[in-house]
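One structure below.
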Amino acid sequence: MAIDKATVLRIAQLARIEVKDEALDELAGELNGILAWVEQLGEVDTEGVAPMTSVVEVKLPRRDDHVSDGGRRDDILANAPEAEDGFFVVPKVIE
Amino acid sequence: MSALTDLTLAEARAGLDKREYSAVELTRAHIAAVEAARPLNAVVAETFDRALAGAAASDQRLGAGEAGLLEGVPLGIKDLFCTEGVRSQACSHILDGFKPTYESTVTRKLWAAGALMIGKTNMDEFAMGSSNMTSHEGPAINPWRRSGDNRQLVPGGSSGGSAAAVAARLCLGATGTDTGGSIRQPAAFCGLVGLKPTYGRCSRWGIIAFASSLDQAGPLTRTVRDAALMLRAMAGHDAKDSTSVDTPVPDYAAALGQGVKGMRIGIPAEYRVDGMPDEIEALWRKGADWLKAAGAEPVEITLPHTKYALPTYYIVAPAEASSNLARYDGVRYGLRLKGEDLRDMYAKTRAAGFGQEVRRRVLIGTYVLSAGYYDAYYLQAQKVRSVIARDFKQAFESVDLVLTPTAPSAAFAIGEKMDDPIAMYLNDVFTVPASLAGLPAISVPAGLSADGLPLGLHLIGKPFDEETVLRAAETLEEAAAFRAKPAWLEDGGAP
């Protein structure tokens with residue numbers, strides 16, 4: 215399952231990370247190196263083994279469905295690179 | 004170097020109780036040490052005013068007989084912990100200027116116990132690394148140096164700044180986080196005790212997430228007793244972290260002093276990896292002999308799937324990271340670069356904001372979770388993770404603890420192992436399996452390499468049995484009688 219330049223570009227787009235064309239070859243090489251190394255997991259017989267979902271054997275706790283926190287608009291906006299009138303500001307997305 | 008900074012945390016607490024010195028004096032001594040140690044780059048934000056104000060309040064409480072468990076104790080806090088009003092940037096460019104409006108549960112508990120924050124400590128970016136070399140703030144420097152060799156060494160990682168700070172006597176202890184070895188490996192590299200508790204023992208709320216199914220906070224200290232004290236203050240159930248476990252927090256220090264008589268100590272054959280230096284193998288044997296001399300019984304055990312732990316980790320952790328780091332979008336906090344449109348803004352911000360290793364792991368994680376590859380990589384890794392956990396469960400039917408080396412080498416020089424990511428990943432070959440199985444584990448300084456650098460021994464325990472881990476760690480600590488000190492303390496880094 216070797217990764218080519220087109221695949222690196224597709225992954226980078228999925229991950230929303232800009233990758234310059236000239237960096238694609240090197241990245242493909244690095245990712246292939248790591249993937250070739252993790253391929254060995256295919257050797258392990260996992261027939262009938264459940265994938266791990268929780269490392270500690272506990273029942274997921276439940277709580278009452280009520281509002282326990284909130285009303286912190288200014289706290290939430292405090293670190294925004296750009297905020298206005300109580301909203302985050304992003305580049306225009308709808309013409 | 005003043006004597007106050009050379010105290011252990013437990014000694015400092017006792018001295019404060021007896022009013023031999025004030026919390027303000029203790030804090031001032033550590034502030035002076037931090038100032039003198041700026042070349043080590045261990046501390047990325049100094050919070051001296053806050054520490055001094057806290058120390059004055061601690062002195063009042065000490066005077067009123069209302070002192071907490073860690074009253075007046077200056078600590079370093081890894082930059083991964085959100086601390087209200089104080090930079091919390093995971094040493095990443097993408098979190099430039101981030102000052103949380105809330106406090107992580109673990110640090111809140113430490114302050115409630117009377118502890119003081121002297122500064123935020125350096126770390127690998129988003130805790131991804133084993134050398135502190137991936138930090139946006141530049142590397143932290145290990146206060147240790149090889150004998151007769153002035154090259155600067157890495158403190159390990161990702162909690163490298165915390166380890167360098169405690170080893171250089173800039174604070175009495177520090178918080179770390181451990182995802183695959185990020186407390187234990189830097190502890191070994193810097194001659195410290197580093198404890199990763201059971202997954203679920205400490206709340207993850209307010210700790211910037213790397214790989215949520217693995218991340219766990221723990222202490223880095225100079226003694227086992229200090230680790231016991233800090234863990235007691237840090238641990239406990241938190242409704243804000245659904246994976247934190249609601250079991251009582253024992254008085255860990257009370258478990259000390261009981262020795263290891265009658266314990267069975269597993270020595271796993273699979274940890275004898277190719278190319279392991281003889282001195283590490285010899286130290287491991289010595290560790291088993293020490294425990295035997297103290298009345299424990301070393302027994303050979305098998306953990307058959309050990310060699311698959313690292314590749315499993317390098318699927319699971321990047322997968323979770325790619326999801327956790329999706330939140331850094333240039334909208335809510337930190338860095339934002341201009342783009343042609345929203346999507347372009349995301350891509351440019353994330354390309355500029357994440358360093359090379361973080362980008363690499365986010366891409367790997369995105370790939371192994373993507374359509375068509377999920378089953379072959381991620382699902383298979385989650386199954387192998389179950390198999391690795393089962394190996395430990397079976398081993399713990401016949402032993403109380405597992406003993407291994409902490410890392411396959413001593414600290415390496417800055418710039419070494421940087422060319423090949425997998426060579427760097429191998430640092431965590433002995434620590435990752437316990438992380439995957441969620442088990443408590445500790446590194447104890449146990450000896451010096453031929454060139455004078457600390458080496459650690461590693462004990463892995465049963466879930467929520469930190470008390471047994473600490474008891475045996477204390478036995479190793481007593482037997483090893485590790486008294487060596489980093490070169491920094493002798494000459495202040497002058498070549």
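Order-wise, the sequence lines are chains A and B.
Those letters in the first sequence? Residues 215 to 309, by my numbering.
Those letters in the second sequence? Residues 4 to 498, by my numbering.
We put the CB at the ideal spot given by N, CA and C, even for glycine.
Under 8 Å between C-beta atoms, does residue i make it to chain A?
i        : result
B:Gln92  : no
B:Lys102 : yes
B:Arg362 : yes
B:His308 : yes
B:Ser25  : no
B:Val252 : no
B:Leu72  : no
B:Met348 : yes
B:Thr124 : no
Quick check: is the beta carbon of residue i nearer than 8 Å to any beta carbon in chain B?
i        : result
A:Ile308 : no
A:Ala220 : no
A:Ala300 : According to the sequence displayed, residue 300 of chain A carries Gly and not Ala. Output row for A:Gly300: interface = no.
A:Leu228 : yes
A:Glu244 : yes
A:Arg183 : The question about residue 183 of chain A has no answer, for chain A in this structure spans 215 to 309.
A:Ala216 : no
A:Glu236 : no
A:Gly284 : no
Exposed or buried, which one is residue i when buried takes at least 16 other CB atoms within 10 Å?
i        : result
A:Val281 : exposed
A:Leu274 : exposed
B:Pro498 : Any answer about B:Pro498 is weak, because its pLDDT of 48 lies below 50 and its placement is not dependable; what the coordinates show is given next. Looking at its Cβ environment, which holds fewer than 16 other Cβ atoms inside 10 Å, B:Pro498 is exposed.
B:Ser185 : buried
B:Gly141 : exposed
B:Asp127 : buried
B:Lys21  : exposed
B:Gln92  : buried
B:Phe192 : buried
B:Phe357 : buried
B:Pro251 : exposed
B:Ala320 : buried
B:Val371 : buried
B:Asp82  : buried
A:Lys308 : Residue identity differs from the one stated: residue 308 of chain A is Ile in this sequence, not Lys. By the neighbour-count rule (16 or more Cβ atoms within 10 Å), A:Ile308 is not buried but exposed.
With residue i and residue j assumed to form a contact (beta carbons below 8 Å), what rounded beta-carbon distance in angstroms separates them?
i        : j        : result
B:Ala299 : B:Ile268 : 5 Å
B:Gly163 : B:Asn135 : 3 Å
B:Ser245 : B:Thr108 : Incorrect: roughly 13 Å between the Cβ atoms, too far for contact.
B:Pro271 : B:Leu306 : 5 Å
B:Thr315 : B:Ala414 : Rounded, the Cβ-Cβ distance is 26 Å, inconsistent with contact.
B:Ala258 : B:Glu481 : Contact doesn't hold; Cβ gap of about 15 Å is too wide.
A:Val233 : A:Leu245 : No, A:Val233 and A:Leu245 are not in contact; Cβ-Cβ is about 11 Å, not under 8 Å.
B:Ala238 : B:Arg204 : 5 Å
B:Arg181 : B:Ser438 : Checking the sequence, you will find Asp at residue 181 of chain B rather than Arg. Indeed they touch by this definition, with Cβ atoms about 7 Å apart.
B:Tyr255 : B:Ala231 : 4 Å
B:Thr434 : B:Thr409 : 7 Å
B:Ala171 : B:Pro189 : Wrong, their Cβ atoms sit about 13 Å apart, outside the cutoff.
B:Leu55  : B:Thr178 : Incorrect: roughly 20 Å between the Cβ atoms, too far for contact.
B:Ala130 : B:Ser161 : 4 Å
B:Val76  : B:Ala15  : 6 Å
Just to make sure I have the definition right: I need the residues of chain B whose C-beta is within less than 8 Å of the C-beta of residue i. Which are they?
i        : result
A:Ala294 : Val334, Arg335 and Tyr336
A:Leu274 : Ser245
List the residues of chain B whose Cβ lies closer than 7 Å to the Cβ of residue i, in chain order.
i        : result
A:Val281 : Per Cβ cutoff of 7 Å: no residues; A:Val281 is ~14 Å from chain B at best.
A:Glu240 : Simply none; closest approach about 10 Å.
Name, please, each residue of chain E whose Cβ falls closer than 7 Å to the Cβ of residue i.
i        : result
A:Ala264 : Absent from the structure: chain E. Protein chains present are A and B.
Given that residue i touches chain A, what residues does it touch there, using C-beta distances under 9 Å?
i        : result
B:Gln383 : Leu255, Gly256, Val258, Thr260 and Pro265
B:Ser373 : Arg224, Ile225 and Leu228
B:Val248 : Val270 and Val272
B:Lys396 : Going along chain A, no residue has its Cβ under 9 Å from B:Lys396, so there is no contact; the nearest lies around 10 Å.
For residue i, go through chain A and note every residue whose CB falls closer than 7 Å to its CB, in chain order.
i        : result
B:Ser325 : Ala229
B:Pro314 : Trp251, Val252, Gln254 and Leu255
B:Leu345 : Val304, Pro305 and Val307
B:Pro443 : Under the 7 Å cutoff, chain A gives no residues; its nearest Cβ is about 11 Å from B:Pro443.
B:Ala424 : First, the amino acid is wrong: residue 424 of chain B is Pro here, not Ala. Near B:Pro424 (Cβ distances below 7 Å), the residues of chain A are Glu244 and Ile248.
B:Val47  : Ordered by position in chain A, no residue passes the 7 Å Cβ test against B:Val47, which lies about 18 Å from the chain.
Does the Cβ of residue i lie closer than 7 Å to at least one heavy atom of the ligand GDP?
i        : result
B:Val227 : Here there are no bound small molecules, and the ligand GDP is not part of this structure.
Taking C-beta pairs closer than 8 Å, name the residues in chain A that residue i reaches, listed in chain order.
i        : result
B:Arg339 : Pro295 and Glu296
Any contact of the stretch 145-162 of chain B with the stretch 113-120 of chain B, i.e. 3+ C-beta pairs under 8 Å? no
Three or more C-beta pairs under 8 Å: does that hold for the stretch 216-230 of chain B against the stretch 182-198 of chain B? yes
Is the stretch 334-349 of chain B touching the stretch 369-386 of chain B in the sense that three or more CB pairs, one from each, lie closer than 8 Å? no
Using a Cβ distance threshold of 8 Å, determine whether the stretch 394-405 of chain B contacts the stretch 423-432 of chain B, with at least three qualifying pairs required. no
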